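Chains as they are written, first to last, in my numbering: chain A, 20 to 130; chain B, 4 to 118.
Even for Gly, the Cβ is constructed at its ideal location relative to N, Cα and C.
Computed from a predicted model, the values in this text were never measured in an experiment.
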């Protein structure tokens with residue numbers, strides 16, 4: 020069965036530190052992969068997507084993700100975290116008309 | 004414009020009430036979706052509309068009734084809900100182009116409380 024797994028339920032980082040959120044996927048074919056961010060009580064905002072091609076994907080708000088087929092991973096990274104990045108982050112697999120989400124990683128940013 | 008607009012933002016309803024959630028997009032997308040999200044959980048797909056026709060119904064109780072009046076609008080009619088139906092209801096849309104990869108765009112959600 021297709022699935023994505025986010026091993027970390029909660030991560031705390033200091034403002035200005037680097038960030039990496041993990042996502043592993045289980046997929047039969049070439050995966051469609053996404054990272055969404057959700058602030059409390061809000062909807063989901065698409066950060067970035069991977070369909071094919073270049074395995075390093077740039078997104079909004081300074082985020083990037085790298086698709087590694089050998090590790091079945093699609094980890095999200097940011098070189099310097101801002102306090103406004105505190106939110107819930109969801110990795111998801113596609114296609115868009117049948118998205119399946121990971122359980123999410125809550126990011127706390129401390130001053 | 005990559006906006007999906009949902010109204011109302013908050014809704015409190017009694018178990019005998021009838022209410023509707025509304026969703027609108029003007030991106031020319033031909034697929035629209037309803038998701039339900041409980042606290043501290045990922046969104047769960049409820050319904051998929053493709054070219055204004057219901058294509059997927061993920062075993063949702065009949066007290067939830069979707070409607071797609073046209074390609075830009077999606078409604079979710081609510082009747083005789085239970086307190087456990089309290090959740091954030093998210094609408095999303097995407098293109099339905101078989102030759103192009105596509106992503107889903109989400110609205111801000113309607114926070115529903117059933118009392």
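Point to revise | Any chain B beta carbon closer than 8 Å to residue 62 (chain A) | key: yes
Exercise for review: Pull out every residue of the stretch 104-127 of chain A whose Cβ sits closer than 9 Å to any Cβ of chain B, in chain order.
Suggested key: 107, 109, 111, 113, 114, 115, 116, 117, 118, 119, 120, 121, 122, 123, 125
Check your understanding: residue 65 (chain A) touches chain B at which residues, Cβ-Cβ below 7 Å?
Key -> Contacts between residue 65 (chain A) and chain B, judged by CB atoms closer than 7 Å, involve 106, 108 in chain order.
Point to revise | Rounded separation between residue 25 (chain B) and residue 6 (chain B) - CA only | key: 14 Å
Practice item. Taking residue 13 (chain B) as part of the beta strand (DSSP E), name the residues at either end of that continuous run. Key: 13-16
Check your understanding: Between residue 33 (chain A) and residue 129 (chain A), what straight-line distance do the alpha-carbon atoms span, to the nearest angstrom?
Key -> 5 Å
Point to revise | One or two residues paired with residue 10 (chain B) in a DSSP bridge | key: B:25
Check your understanding: If you draw a straight line from the alpha carbon of residue 64 (chain A) to that of residue 19 (chain B), how long is it in whole angstroms?
Key -> Each residue's alpha carbon lies about 34 Å from the other.
Point to revise | Where residue 92 (chain A) sits in the DSSP three-state scheme | key: strand
Point to revise | Members of the stretch 72-100 of chain A that neighbour chain B once the beta carbon cut-off is set at 9 Å | key: Cβ contacts with chain B come from no residue of the stretch 72-100 of chain A.
**Study point:** Unbroken beta strand (DSSP E) run spanning residue 43 (chain B), endpoints
**Key:** Careful: residue 43 (chain B) lies outside any beta strand (DSSP E) and carries neither H nor E.
**Study point:** N- and C-terminal bounds of the beta strand (DSSP E) containing residue 42 (chain A)
**Key:** Unbroken run through residue 42 (chain A): none, as it is neither H nor E.
Check your understanding: Going by the CB atoms, is the gap between residue 52 (chain B) and residue 93 (chain B) shorter than 8 Å?
Key -> Contact: no.
Point to revise | Enclosing beta strand (DSSP E) for residue 72 (chain B) [first to last residue] | key: 67-73
Check your understanding: Comparing alpha-carbon positions, which option in A:122, A:45, A:101, A:86 lies nearest residue 4 (chain A)?
Key -> Here chain A comprises residues numbered 20 to 130, so residue 4 (chain A) is not present and cannot be evaluated.
**Study point:** Continuous beta strand (DSSP E) stretch holding residue 120 (chain B): start and end
**Key:** The question about residue 120 (chain B) has no answer, for chain B in this structure spans 4 to 118.
Exercise for review: Assign residue 28 (chain B) to one of two classes, buried (16 or more other C-beta atoms within 10 Å of its C-beta) or exposed (fewer than that).
Suggested key: Residue burial is scored here from C-beta neighbours: residue 28 (chain B) has at least 16 other C-beta atoms within 10 angstroms and is therefore classed as buried.
Exercise for review: Assuming residue 52 (chain A) contacts residue 124 (chain A) (C-beta within less than 8 Å), just tell me the rounded distance between them.
Suggested key: Not quite, the Cβ-Cβ distance comes to about 15 Å (not below 8 Å), so this is no contact.
Review point. By DSSP, does residue 59 (chain B) sit in helix, in strand, or in coil?
Key: strand
Review point. Who are residue 105 (chain A)'s beta bridge partners in DSSP?
Key: In the DSSP assignment, no residue is bridged to residue 105 (chain A).
Review point. Starting from residue 77 (chain A) and walking both ways along the beta strand (DSSP E), at which residues does that stretch end?
Key: 75-77
Check your understanding: Quick one: does residue 97 (chain B) have its CB under 8 Å from some CB of chain A?
Key -> At least one C-beta of chain A is nearer than 8 Å to the C-beta of residue 97 (chain B).
Exercise for review: Report, in whole angstroms, the separation of the C-beta atoms of residue 90 (chain B) and residue 108 (chain B), which I expect to be a contact under 8 Å.
Suggested key: The pair is not a contact, with the Cβ atoms about 20 Å apart (cut-off 8 Å).
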